[in-house]
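Asks:
Residue numbers (the numbering used here): 32 to 123.
Written out as structure tokens, the structure is:
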């Protein structure tokens, strides 16, 4: 499963493709949500773009999205606090 809930936190696993033409959901890769980012993987720019994109998708402020694993990896784990958006409906 690519996500789980822990009280009021949503923990998600993502696989990031940085340097793409556009920022978008791309489906799934292994046990993670695949996201293409138009930001380069240089000096944390892709991580910043990922946090902003997920905050927008889950309708929360960027301060509620925390990168907890994978700062320099394509495989990342993030915690989103306070969202009411169900992850199952993101790709509908």
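For glycine and all other residues, C-beta sits at the position ideal for the given N, C-alpha and C.
Who are the near neighbours of residue 36 in its chain, counting only those whose CB is closer than 8 Å to its CB and skipping five residues on each side?
Replies: Same-chain partners within the cutoff: 42.
Asks: For residue 75 and residue 115, I'd like the C-alpha separation in whole angstroms.
Replies: The alpha-carbon atoms of residue 75 and residue 115 are separated by roughly 28 Å.
Asks: Could you pull out every unbroken alpha helix (DSSP H) segment of at least 4 residues lying fully inside the segment 52-97, listed in chain order?
Replies: Listed in chain order, they are 76-88.
Asks: First and last residue of the beta strand (DSSP E) that includes residue 42?
Replies: Where residue 42 is concerned, the enclosing beta strand (DSSP E) stretches over 40-48.
Asks: Relative to the alpha-carbon of residue 60, which residue among 39, 33, 123, 121 has its alpha-carbon at the smallest distance?
Replies: The option with the nearest alpha carbon to residue 60 is 33.
Asks: Measure the CB-CB distance between residue 107 and residue 98 and report whether it falls below 8 Å.
Replies: In this structure, residue 98 lies closer than 8 Å to residue 107 by Cβ.
Asks: Please report how far the alpha carbon of residue 50 lies from the alpha carbon of residue 111, in whole angstroms.
Replies: Each residue's alpha carbon lies about 24 Å from the other.
Asks: Are the CB atoms of residue 47 and residue 109 within a distance shorter than 8 Å?
Replies: No, they are not a contact pair.
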